[in-house]
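Down below is the structure, laid out as structure tokens.
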Amino acid sequence: MARIKHIAIRSHDVEKAAAFYQEAFGLEQVGVGQSGIYLSDGYLNIAILSMRAVVEGETMKLGVDHVGFQVHDVNATVAKIRALGGKALNERNEVHHSDPSEPQSYFEVKCVAPDDQVIDVSNAGWVGASK
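When we follow the working numbering, the leftmost residue of the sequence shown carries the number 2, and every step to the right adds one.
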């Protein structure tokens, strides 16, 4: 069974939103992304991401934007997504975790479900999320 390990929230003010979740819920900053800040409760990663231009095939939503699943077999999962009417938006990225204070991406394949919900799929997981 895949595990939900990542939830992304889009914001117009990343620092303010991250501070809110840190203060309100005691989340810890565990890294930075290419367009935001990664927070965690030790089990799940929450990415507070800035609003940006839409990438083709992707929706851009203020608030909860996408969900990330950690899976055992990325290629088999992407094949299932395609068979069920979804699509992959990119070729598989090789993810190599490095210094979490440096901007980086953790998803391996970004997909879109038939209902246009964006889904990140990864075997490597996300910073701050337990396995």
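Ideal placement from N, C-alpha and C gives every residue a C-beta, glycine not left out. Quantities reported herein were computed from a predicted structural model and do not represent experimental measurements.
Can you give me the Cβ contacts of residue i inside the same chain, cut-off strictly under 6 Å, excluding the 5 residues immediately before and after it?
i: tyrosine 4; result: Strictly speaking, residue 4 in this sequence is arginine, with tyrosine absent from that position. Here the set comprises Gln71.
Is the distance from the Cβ of residue i to the Cβ of residue j below 9 Å?
i: glycine 126; j: glycine 43; result: no
i: serine 41; j: glutamate 24; result: no
i: glycine 37; j: leucine 45; result: no
Would you report the Cα separation of residue i and residue j, rounded to the nearest angstrom?
i: leucine 63; j: isoleucine 10; result: 7 Å
i: glutamate 16; j: isoleucine 47; result: 13 Å
i: phenylalanine 21; j: glutamine 35; result: 20 Å
If you count every other CB in all the chains shown that lies within 10 Å of the CB of residue i, and 16 or more means buried, which is it?
i: histidine 7; result: buried
i: valine 65; result: exposed
i: threonine 60; result: exposed
Please list, in chain order, all residues of the same chain as residue i whose beta carbon is under 8 Å from its beta carbon, the five residues on each side excluded.
i: isoleucine 120; result: His67, Val68, Gly69, Phe70, Ile82, Gly87, Lys111, Cys112, Val113, Ala114
i: valine 31; result: Tyr39, Leu40, Ser41, Asn46, Pro101, Val128, Gly129
Quick check on the DSSP output: what are the complete beta strand (DSSP E) runs of length 3 or more inside the segment 12-81, in order along the chain? 29-33, 37-41, 46-51, 64-71
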